[in-house]
Every structure is written in C-alpha cells, then in structure tokens.
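Reading through the structure tokens given below for one structure.
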Amino acid sequence: MFIFLHCADIHLDSPLRNLALREQDGSVIRGAVRRAFADLVQLALDQQVAFVLIGGDLYDGAWKDYHTGLYFISHMQRLGRAGIRVFLVSGNHDASSRITTALRLPDNVVQFSTRRAETVVLEDLRVAIHGRGYDRRAVTDNLALSYPDPDPDMFNIGLLHTGLSGRPGHEPYAPCTVEDLVSRGYDYWALGHVHQREVVHRDPWIVFPGNIQGRHIREAGPRGATLVTVENGKVTAVEHRDLDVVRWSLCRVDLTGCTSVDEVLERTGHDLSDTADRADGRPVAVRLELSGEVSCHPELHRDREHLVSELMALAGDLGEVWLEKIRLRTRPPACDPVTADPGLEDLERLLAEIDSPLELAPELEKFLGRLPPELGGRESLLPDDPAQSRELLSTARDLLLGRILGHRGTP
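In this text, residue positions in the sequence shown follow the working numbering: the first is 85, and each later residue adds one.
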C-alpha cells in the first residue's frame with residue numbers, strides 16, 4: 085500500500101487579482117499562493133506520501149528574478165530529506181518561464197521531457213509514471229496519443245496537462261477525449277490545466293485536482309490537491325484536501341420584501357456570516373450581489389457610496405471578510421407608481437437595446453479622447469470580453485435608473 089499526492093496549476097507567486105483587495109491585509113493577499121504551496125508540502129510530509137505529482141503550470145510565466153524558483157527548490161529539498169520524490173510536467177505557463185530551464189532541480193525531482201513522452205519506473209513501488217511537458221505555450225497536438233503503452237506488471241500513471249475536449253474558461257491545449265485516455269490502459273490519469281476540481285472518470289481514474297489557491301472570483305470555493313491511496317495495484321481512495329489560504333466566495337442576497345435600509349443590512353449581514361462560516365476560519369474575499377424587488381430601492385441608489393461603506397463595515401465586523409466587489413441589482417416593486425412613467429420606460433428600452441459600450445461611439449470615443457493618459461485610455465474602460473461588456477452595461481443601467489428613481493423619491 086502507498087499514497088501519492090496529485091496537484092496542479094500552482095501558479096507560484098501569482099497575485100490575487102483585484103485592486104480593491106490591496107487595501108485589505110496586503111501580507112495575506114500577497115503571500116496566499118506561497119502559503120498554500122507550503123501547506124501542500126506539509127500535507128505530503130504529514131501523510132508520508134511516496135511521491136508527489138505536479139500536473140503543470142507550476143509557475144505563472146516569465147518572472148523577472150529567480151526568487152520564485154528558489155522558493156520552490158527549497159520546499160522540494162524538504163521533501164527530498166523525507167525521501168519523497170516529485171514528478172512534474174511543464175504546462176502552458178511554464179513554457180514561457182526562464183526559471184523552468186535555468187535552475188537546477190534537486191535530485192528527488194524529475195521533470196519530464198518536452199520533446200517526447202517518456203516513462204519513469206519506480207521499482208520499489210511497482211509504479212510506472214508516463215509524462216510529457218509543453219515545449220511552447222500553445223500546444224494544439226493530442227499528446228495523449230503519443231504516450232507509451234502501459235507496463236502490465238506496474239501500476240501505470242499518466243501525467244498530462246490538457247484541456248481535454250474543452251472546459252469553460254480554459255484554452256483547449258493538448259486536446260484529447262476521455263476515450264483517448266481510457267484507451268491507453270493506465271490506472272490513473274493525473275491531469276492539470278483546469279482549475280476547477282473534477283473527477284472526470286473512474287476505472288480508470290481521470291482527475292483534475294484543481295488549483296491550490298483561487299486567484300479571483302471565477303475561482304471561488306475550496307481549492308486544494310488530491311490524495312490517492314493504492315493497495316495491491318488498485319486505487320482504493322481518492323480524497324480532496326483543501327489548501328487555499330484565502331477563500332473566494334460569491335454571496336447572493338435576495339432582498340425581496342425589504343422596506344428599509346436597516347432591513348437590507350440585517351439580511352445581508354446574516355448571509356455574509358453564513359459565507360464566513362463556510363470558509364472554515366479562512367479569510368474570505370466576497371463578491372456581494374444584492375437583488376430583488378424592494379420598496380426602498382430609490383433610497384439604496386440615492387447614496388450608493390454610503391451603502392457601500394455600511395456593507396464594508398458589516399463585513400469588517402465578521403473578521404477577515406473582504407468585499408471584492410458589490411453589485412447592487414435591486415429593483416422597485418412592479419406596482420410602484422414611480423416606474424410607470426412613460427419617459428422612464430423609454431429610457432429602459434433604449435438601454436436594453438445597447439449590446440456593447442462600443443455602440444455608443446462616436447460620442448463615447450470623443451469622451452475617452454479627452455481623458456488624461458493616466459486614467460488608462462480606452463482599453464481599460466472598454467473591455468473586449470463580451471461578458472465583461474455586458475456586466476459593465478448592466479452596472480451602468482442599474483446605476484442610472486437607480487439614481488433617477490432615487491432623486492424622484494427625494495422629498
């Protein structure tokens with residue numbers, strides 16, 4: 085019987101991406117990925133694993149110095165002193181990193197070739213590990229088909245960085261199908277590239293462990309690595325272990341029926357408290373979405389800055405709960421007479437017809453041309469991503485209509 089640890093997509097020293105969080109505890113934010121990686125190494129030591137598999141994207145691109153690589157090596161040396169071996173393949177982010185080729189790895193670390201698939205045999209465990217790394221960022225070949233046949237006398241593991249046949253938010257690098265992997269006859273496929281944990285297949289096991297630390301709101305929820313137990317040449321347990329230091333969470337609060345700002349704050353505070361409890365004592369970066377039909381809708385939008393301050397104070401009372409972003413998407417009750425104004429209906433219809441901020445050109449272009457360069461220019465204000473454009477329009481629509489209703493509701 086032996087245990088191995090499967091992880092991937094560490095993106096060592098990658099920053100957590102949100103400017104608002106810079107005003108929070110900077111040391112926690114900056115060091116989150118390193119701390120998660122240190123906890124990964126400690127997990128391997130505590131569980132006395134036989135070896136560790138890293139399914140690519142250890143690094144996060146072309147770093148300007150070697151401190152990131154030296155940090156990795158120091159922790160590999162800790163594993164080496166405990167007799168724990170490490171096997172890794174390079175992923176698309178590693179392919180552009182100078183560290184990958186410039187630093188000598190400790191003797192207990194094996195990095196697979198990027199030119200061809202190769203096999204490393206662990207005779208003491210009767211294990212054969214097959215792998216191949218990326219020699220460039222965008223690998224569009226089906227690497228899985230080049231992997232060698234399994235050794236019938238061994239427990240066979242495939243180590244591969246791949247998007248399979250496609251996963252939302254991830255480039256389809258090294259594309260292959262589940263059938264391609266199953267057909268190789270291996271006992272376990274240790275995948276990387278997809279940041280959301282997923283057990284793709286059983287018998288054989290095909291697993292994405294996910295990344296060890298979420299870096300933005302699209303990587304919400306628990307993050308960590310996978311412990312695999314093998315007995316008599318068969319997988320008997322596959323367990324996820326949380327490692328994230330900062331938890332990202334989306335908190336949606338339905339405010340339907342609230343008649344005052346005090347009620348809004350009370351209900352929101354309750355839901356934020358539940359979100360903090362689910363993080364098991366970790367700091368939480370929360371995206372807060374407030375929605376529903378509320379009679380106090382104009383009051384909420386009348387002084388949005390004050391409302392945001394009240395919500396941030398609520399979060400602060402709960403400890404290390406940070407508001408990454410606040411989306412206010414309430415609406416007045418349908419029977420509210422203030423919404424029956426034909427002029428307001430025309431404005432709502434006009435806003436609904438706009439699909440992209442670029443449709444407001446040339447008026448918007450002229451406005452952007454008057455902005456000083458330090459504000460970032462057009463690229464930072466007009467996102468190319470359609471989803472971000474729709475979000476920007478939705479926010480602007482809510483703010484504009486809310487302000488109008490807010491002024492109308494002023495005595």
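Backbone N, C-alpha and C define an ideal beta-carbon position, used for all residues, glycine too.
ASN240 sits away from ASP208, with the two beta carbons spaced by 7 Å or more. For ARG411, the enclosing beta strand (DSSP E) has its first and last residue at 405-415. For LEU89 and LEU395, the gap between their C-alpha atoms comes out near 41 Å.
The three-state secondary structure of PHE171, taken from DSSP, is strand. Assignment of beta-bridge partners to CYS91 by DSSP yields ILE138.
Under the three-state reduction of DSSP, LEU209 is assigned to coil, being neither helix nor strand. In the DSSP assignment, no residue is bridged to ARG220. Minimum Cα-Cα distance from HIS151 among the listed residues GLY145, VAL125, ASP97 and PHE196 corresponds to ASP97. Using a C-beta cut-off of 8 Å, the stretch 295-309 makes contact with the stretch 319-328, since at least three inter-stretch Cβ pairs fall below that distance.
Excluding five sequence positions before and after PHE171, the CB atoms of its chain that fall closer than 6 Å to its own CB belong to LEU137, VAL194 and ILE213, given in chain order. GLN126 carries a helical assignment under DSSP once its states are collapsed to helix, strand and coil.
Counting along the chain, the unbroken alpha helix (DSSP H) around HIS159 starts and ends at 151-165. The three-state secondary structure of SER333, taken from DSSP, is strand. Note that the C-beta distance between ARG169 and PHE121 is not below 7 Å. Between LEU374 and THR340, the gap from beta carbon to beta carbon reaches 7 Å or more.
Exclusion of the five residues before and after ALA418 leaves GLU377 as the residues of its chain whose Cβ lies within less than 8 Å of its Cβ.
Selection HIS279, ARG165, GLN297 and LEU265 evaluated against TRP289 yields LEU265 as nearest (Cα-Cα).
Around the C-beta of MET85, fewer than 16 other C-beta atoms lie within 10 Å, and the residue is accordingly described as exposed.
When DSSP states are grouped into helix, strand and coil, HIS385 belongs to the helix group.
According to DSSP, ASP338 shares a beta bridge with SER375. For GLU394, the secondary structure class from DSSP, reduced to helix, strand or coil, is helix.
Going by C-alpha positions, GLY400 is about 7 Å away from TRP406.
With distances taken between CA atoms, CYS260 lies nearest to LEU244 out of PRO252, GLY253, GLY269 and LEU244.
In summary, VAL283 is exposed, with fewer than 16 beta-carbon neighbours lying within 10 Å of its beta-carbon over all protein chains present. ILE290 has TRP273 and HIS285 as its beta-bridge partners, per DSSP. VAL262: member of the alpha helix (DSSP H) spanning 262-267, first to last residue.
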